[in-house]
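Trainee: In the working numbering, the protein residues as written are 600 to 900. Here a beta-carbon is modelled for each residue, glycine too, at the ideal position from N, C-alpha and C. Can you read through this structure? Questions will come right after.
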Amino acid sequence: MNKTIDIIGAPVEFGQRKLGVDFGPDAIRYAGLLNRLKDLDLTFNDKGNIQVPKIDLERYLSEQEGARNLPEIVEVSKTLSDATSESVAQSHFPLTLGGDHSLAIGSISGISQHYENLGVIWYDAHGDLNIAEESPSGNVHGMPLRTLLGEGDEQLVNVGSEGAKVKPENVVLIGMRDLDSGERRYIKEQNIKTYTMADVDRLGIQQVIKETIEYLKDKTDGIHLSFDVDGLDPYETPGTGTRVPGGLTYRESHFALELLSQSNLITSMDLVEVNPLLDQGNSTAEQAAVLLGSFFGETLL
């Protein structure tokens, strides 16, 4: 990693209903991320945490029509978009720590302003391709990728700049194992490159990453990695809010990040959905710190 890394904490919890995910950025720092980057002799700036609106607990936990907590998510998305855009403008590598996955609306909206054809790798158990009208829950952390593709609430779609930030043909989904019916239909309609867990089992993670790199490298001018810890099996990463059994292993994820790093094609990254209040001894945050160390060049020998 030759670029300066900008660590941007996004303690966002408005995209879902389980308290504690806003502690994720600091939990990952506490788990040793900064020391790992220092040991790798990397240049980095810890930008601290962005300002987020104060939570109205009664409203946060209440039933709401449409996209839940929309005003707060619009506000924080604009703030984060400005932060990641500034990082890329300085030729830095923005690393956003979450926080729930709705933060990707802001982070990628800012980053996309500097690329003509931004690629996105969505490493997750879920497609996050819902819209409010089809969402079973109304939780916006299940909608960010659809929003970035230009569909959904107009205020969110137009964060940073008007319209879509990413093209369907520039997206790869990895680790899928929990898709709503509308998401399955949308993936097929848009022909989005998708690797389910059955594909990972059949091909192996090395082949999946190799094919992903080959698919994106010649048609994109930057690639954003959006890494949700619920992509891993919850037996290994219990500290997350939307757990789905049968996920990627820690070893597979470690190897995947090493391969993506070695490609020298990843230009920005989110790591999201670490929830210390659901964790066991901060183990998920610790694994997140180790996985990030692996991505940034940490090796055994």
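Return helix, strand or coil for lysine 818, following the three-state DSSP convention.
Mentor: Taking the first residue of the sequence shown as position 1, residue 818 is located at position 219. In the structure shown, lysine 818 sits in coil (DSSP, three-state: anything other than H, G, I, E or B).
Trainee: I need the straight-line Cα distance from isoleucine 812 to asparagine 648, nearest angstrom please.
Mentor: On the sequence shown, residue 812 is found 213 positions in, with the first residue counted as 1. On the sequence shown, residue 648 is found 49 positions in, with the first residue counted as 1. Cα-Cα distance, rounded: 31 Å.
Trainee: Can you give me the C-alpha to C-alpha distance between leucine 859 and leucine 633, rounded to a whole angstrom?
Mentor: Mapped onto the sequence shown, residue 859 falls at position 260. Mapped onto the sequence shown, residue 633 falls at position 34. Cα-Cα distance, rounded: 21 Å.
Trainee: Can you check which of these residues, Val673, Thr883, Glu897 and Ser867, is closest to glutamate 603 by C-alpha distance?
Mentor: In the sequence shown, residue 603 corresponds to position 4, counting from 1. Reading the sequence as shown, one finds threonine at residue 603 and not glutamate. Per the Cα distances, Ser867.
Trainee: Any idea which residues DSSP pairs asparagine 648 with across the strands?
Mentor: As a position in the sequence shown, residue 648 is number 49, starting the count at 1. Answer is Gly608.
Trainee: Which class does leucine 824 belong to by DSSP, given the choice of helix, strand or coil?
Mentor: Stepping through the sequence shown from its first residue, residue 824 is reached at position 225. Note: leucine 824 maps to strand in three-state DSSP.
Trainee: Is the beta carbon of glutamine 650 sitting closer than 8 Å to the one on threonine 678?
Mentor: Here the question's residue 650 lines up with position 51 in the sequence shown. Here the question's residue 678 lines up with position 79 in the sequence shown. It is a contact, given that the beta carbons lie within the stated cut-off.
Trainee: Measure the C-alpha to C-alpha separation of serine 686 and histidine 823 and round it to an integer number of angstroms.
Mentor: Here residue 686 is taken as the residue at index 87 of the sequence shown, counted from 1. Here residue 823 is taken as the residue at index 224 of the sequence shown, counted from 1. If I take the Cα positions, the gap works out to 14 Å.
Trainee: Could you pull out every residue in the same chain whose Cβ sits closer than 7 Å to the Cβ of aspartate 945, ignoring the five residues on either side in sequence?
Mentor: This structure leaves residue 945 out entirely; the chain is present only between 600 and 900.
Trainee: Rounded to whole angstroms, how far is the Cβ of glycine 697 from the Cβ of glutamate 872, which I believe are closer than 8 Å?
Mentor: Here residue 697 refers to the residue found at position 98 when the sequence shown is read from its first residue. Here residue 872 refers to the residue found at position 273 when the sequence shown is read from its first residue. Sure, about 6 Å apart at Cβ, within 8 Å.
Trainee: Just to confirm the assignment, what range does the beta strand (DSSP E) spanning methionine 868 have?
Mentor: For this step, residue 868 is matched to residue 269 along the sequence shown. Per DSSP, methionine 868 belongs to the beta strand (DSSP E) from 865-871.
Trainee: For the candidate residues Leu747, Asp817, Arg635 and Asp638, whose alpha-carbon lies nearest to that of isoleucine 704?
Mentor: Residue 704 sits at position 105 when you count from the first residue of the sequence shown. Of Leu747, Asp817, Arg635 and Asp638, the residue nearest in Cα terms is Leu747.
Trainee: Apart from the five residues just before and just after serine 862, which ones in its own chain have a Cβ nearer than 7 Å to its Cβ?
Mentor: Translated into positions along the sequence shown, residue 862 becomes position 263. For serine 862, where only same-chain residues beyond five positions count, the Cβ hits under 7 Å are Ile812.
Trainee: Just the C-alpha distance for valine 719 and serine 893, rounded to the nearest angstrom, thanks.
Mentor: One-based indexing of the sequence shown puts residue 719 at position 120. One-based indexing of the sequence shown puts residue 893 at position 294. Looking at the two C-alpha atoms, the distance is approximately 20 Å.
Trainee: According to DSSP, what are the bridge partners of phenylalanine 692?
Mentor: Translated into positions along the sequence shown, residue 692 becomes position 93. DSSP output for phenylalanine 692 lists Ile604 as bridge partner(s).
Trainee: Candidates Ile786, Leu728, Ser736 and Leu864: which alpha carbon is nearest aspartate 817's?
Mentor: Counting from 1 along the sequence shown, the entry for residue 817 is found at position 218. Checked all of Ile786, Leu728, Ser736 and Leu864; the closest Cα to aspartate 817 is Leu864.
Trainee: To test your reading of the DSSP string, which unbroken beta strand (DSSP E) runs of 3 or more residues are found completely within the region 612-682?
Mentor: Entirely contained in the region 612-682, the beta strand (DSSP E) runs reaching 3 residues are, in chain order, 643-648.
Trainee: Cutting at 6 Å between CB atoms, please list the residues of its own chain near proline 652, excluding the five before and the five after it.
Mentor: In the sequence shown, the residue the question calls residue 652 occupies position 53. Cβ neighbours of proline 652 beyond the five flanking positions: Glu671 and Glu674.
Trainee: What's the gap between the Cα of serine 852 and the Cα of histidine 713?
Mentor: Here residue 852 refers to the residue found at position 253 of the sequence shown. Here residue 713 refers to the residue found at position 114 of the sequence shown. About 28 Å.
Trainee: Taking the alpha carbon of proline 767 as the reference point, which residue from Met775, Lys787 and Val758 has its own alpha carbon closest?
Mentor: Locating residue 767 in the sequence shown gives position 168, counting from the first residue. Among Met775, Lys787 and Val758, the Cα nearest to that of proline 767 is on Lys787.
Trainee: Should alanine 797 be labelled buried (16 or more other beta-carbon atoms within 10 Å of its own) or exposed?
Mentor: Counted from its first residue, the sequence shown places residue 797 at position 198. By the 10 Å Cβ count, alanine 797 comes out exposed.
Trainee: Between Ile606, Ile804 and Lys617, which lies nearest to proline 875 when the distance is taken from Cα to Cα?
Mentor: As a first step, residue 875 is located in the sequence shown; it is residue number 276 there, counting from the start. The shortest C-alpha separation from proline 875 is found at Lys617.
Trainee: Between which two residues does the beta strand (DSSP E) containing leucine 859 stretch?
Mentor: For this step, residue 859 is matched to residue 260 along the sequence shown. Counting along the chain, leucine 859 falls outside any beta strand (DSSP E), though it belongs to the alpha helix (DSSP H) covering 849-862.
Trainee: Could you work out which residue in Val807, Gly608 and Gly845 is closest to leucine 772 when comparing CA atoms only?
Mentor: Here residue 772 refers to the residue found at position 173 of the sequence shown. Measuring from the Cα of leucine 772, the nearest candidate turns out to be Val807.
Trainee: Mind pulling the alpha helix (DSSP H) runs of 4 or more residues that sit fully within the region 725-757?
Mentor: Listed in chain order, they are 743-747 and 753-756.
Trainee: With H, G and I counted as helix, E and B as strand and the rest as coil, what does DSSP make of tyrosine 714?
Mentor: Taking the first residue of the sequence shown as position 1, residue 714 is located at position 115. Tyrosine 714 falls in the coil class under three-state DSSP.
Trainee: Quick one: what does DSSP say tyrosine 785 is sitting in, helix, strand or coil?
Mentor: Taking the sequence shown and counting its residues from 1, one reaches residue 785 at position 186. Three-state result, tyrosine 785: helix.
Trainee: State the Cα-Cα distance for the pair serine 706 and alanine 609, rounded to the nearest angstrom.
Mentor: Within the sequence shown, the letter at position 107 stands for residue 706. Within the sequence shown, the letter at position 10 stands for residue 609. Approximately 9 Å between the Cα atoms of the pair.
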